[in-house]
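The structure appears right after this line, and notes come after that.
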Amino acid sequence: MKRDITSFYNPTDKVLVESEGCYQYDSDGKKYVDFESGVWCANLGHSNRAINSFIKEQIDVLMHQGYKFRNSYSEELSVKLQSLIGFSGGSSVFLSSGSEAVNLSIMVAQHLTGRGKILKVNNSYLSAYGFGQIKTDNRDQITIGYNDYSAINTIDFSDVAAFVIETGGASVDMVRFPDSEFLEKLSDFARINGALLIVDEVTTGIGRHGKWFGFQYYNIVPDVVVTGKALGNGFPVSAVTFNSDTTQKFNADGFIYAQSHQNDPLGCAIGLKVIDEIERGDCISVCKRVGEYFSSRLEYLMNNYSEYVNDVRARGLMLAIEFTDKIDGTKLHNTLFESGFVVGFKGNTLRFLPPFTISAEDIDNLIDCIERFIKE
Ligand SMILES: Cc1ncc(COP(=O)(O)O)c(C=O)c1O
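Per the working numbering, the sequence shown starts with residue 3, numbered consecutively.
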């Protein structure tokens with residue numbers, strides 16, 4: 003196929019033509035099991051029937067709006083997100099991508115505190131631009147080592163506007179979950195020193211960890227929660243949700259921010275529908291249950307091939323298996339792709355964030371394929 007897409011990343015030559023549930027089909031008719039949910043968005047499966055039918059109807063009702071109006075979908079979605087987070091009297095703003103939402107949350111924190119820097123843990127992603135990890139030389143960031151207790155007391159908080167927390171990094175460090183004591187201690191310190199607590203739930207939220215949000219595994223009370231990705235199940239919608247205190251502060255001093263797709267009614271209606279589907283199908287319990295099964299199968303590999311497997315990490319349906327250097331990670335990843343399994347991969351680690359509807363059979367087939375590779 004002609005290549006007119008700027009190659010900022012390196013896709014294969016395969017052309018995707020159809021996706022349904024956990025499966026994707028290329029132009030040769032080959033089927034792939036998607037253990038990445040696209041880019042960790044399609045938690046309820048690709049082309050989810052209930053959501054797609056809803057979108058087809060809703061698109062004719064209201065898609066986009068200008069700054070003069072409010073719409074009921076965004077108001078309702080804000081109330082819903084606040085109740086799931088545990089906020090009341092707060093507010094949300096809706097955008098399109100997780101990156102925009104994270105950056106806006108930081109701009110608000112800078113504005114409210116009059117401080118310039120953020121604190122983050124070194125395996126955080128945050129966003130594709132602005133405060134994102136790509137800017138490694140970012141002088142506006144204080145970066146602390148993952149689970150580095152000894153560094154906590156050394157942080158100079160005087161210019162820190164916010165601690166931006168990720169409760170499970172899937173990209174930079176291939177699925178790691180910070181220790182409770184570390185994260186809670188750091189959060190307490192940040193708060194005592196006047197920084198806001200922003201929790202970035204773009205990947206971990208909307209049920210991925212087997213709870214609505216990853217921070218709910220910790221004793222942390224956020225000021226701001228950022229969601230995206232699975233909120234639209236593949237449709238681009240993201241949210242920054244502020245607690246009541248933060249909302250009152252920026253309402254009082256007239257913080258201004260505007261962009262074309264802010265609070266668009268279609269995205270918000272889809273967010274409401276996604277949450278409704280999750281609640282009606284008890285999908286978070288499903289995620290937890292399937293995650294436990296998947297994790298037990300990865301542990302089977304670790305227990306039986308300890309020479310080849312270093313580590314298994316899992317929470318809900320965010321999992322990784324790290325191999326020793328006796329395994330050629332690139333070769334294993336290529337074998338899996340050729341065998342019809344789409345998984346995440348870096349170095350010698352495989353990552354899995356499948357739709358919650360992934361079947362035990364698909365998980366078993368993947369494990370069999372990895373086991374065959376190890377045996378060979
Ligand atoms: C934790 C986290 N925050 C923010 C983002 C950025 O979201 P988006 O790619 O939708 O801009 C990502 C994307 O992977 C992420 O994993």
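A virtual CB, placed ideally from N, CA and C, is assigned to each residue, including glycine.
Bounding residues of the alpha helix (DSSP H) (the contiguous stretch that carries residue i)
i	result
E301	285-306
G116	Note, G116: premise wrong, no alpha helix (DSSP H); not H, not E.
L374	Residue 374 is actually Arg in this sequence, not Leu. It spans 362-377 - the alpha helix (DSSP H) in which R374 sits, taken as one unbroken run.
I61	Segment: none, I61 is in no alpha helix (DSSP H) and carries neither H nor E.
G269	267-282
K82	74-87
I154	151-154
Environment of residue i [buried if 16+ CB atoms lie within 10 Å]
i	result
L338	buried
L201	In the sequence under discussion, the amino acid at residue 201 is Val, which differs from the Leu named in the question. Flag for V201 reads buried.
P224	buried
S26	The sequence as given places Gln at residue 26; Ser does not occur at that position. Buried, by the Cβ-count rule.
L352	buried
H66	exposed
A172	buried
Q261	exposed
A163	buried
E59	exposed
L18	exposed
F325	buried
S90	exposed
Q84	buried
K1	This structure cannot speak to residue 1, because the chain is shown only from 3 to 378.
S129	buried
T169	buried
R299	buried
S141	Note on identity: in this sequence residue 141 is Arg, with Ser being the wrong assignment. It is exposed - the Cβ of R141 has fewer than 16 other Cβ atoms within 10 Å.
Y219	buried
E309	exposed
K33	exposed
V63	exposed
Enclosing beta strand (DSSP E) for residue i [first to last residue]
i	result
D36	33-36
T337	Not the beta strand (DSSP E): T337 falls in the alpha helix (DSSP H), residues 331-340.
V201	198-202
R193	Taken as a continuous stretch (DSSP letters only), R193 belongs to no beta strand (DSSP E), being part of the alpha helix (DSSP H) at 182-194.
L352	351-354
T145	143-146
Residues bridged to residue i [DSSP beta-bridge criterion]
i	result
F244	S93, V226
R315	A322
S21	Q26
V162	K119
R178	G171
V41	According to DSSP, V41 bridges with nothing at all.
V344	D36
F56	According to DSSP, which records beta bridges pairwise, F56 is partnered with nothing at all.
N235	F237
H48	G23
Ligand 3 heavy atom lying under 6 Å from the CB of residue i
i	result
D266	Although ligand 3 was asked about, the structure shown includes only ligand 1 as ligands.
For the region 262-278 against the region 71-79, are there 3 or more C-beta pairs whose distance is under 8 Å? Yes, the region 262-278 is in contact with the region 71-79.
Between the region 228-244 and the region 179-192, do at least 3 Cβ pairs fall closer than 8 Å? no
Taking one C-beta from the region 349-363 and one from the region 320-333 each time, how about it: are there three or more such pairs within less than 8 Å? yes
Contact between the region 15-30 and the region 40-49: three or more CB pairs below 8 Å? yes
Does the region 273-289 come close enough to the region 141-151 that 3 or more CB-CB pairs lie under 8 Å? no
Quick one: any contact between the region 54-69 and the region 34-44, if contact means 3 or more CB pairs under 8 Å? no
Stretch pair the region 300-318 + the region 268-283: three plus CB contacts closer than 8 Å: no
Any chance the region 115-131 sits against the region 241-254, with 3 or more Cβ pairs inside 8 Å? With a cut-off of 8 Å, the region 241-254 and the region 115-131 do not count as touching, because too few Cβ pairs lie within range.
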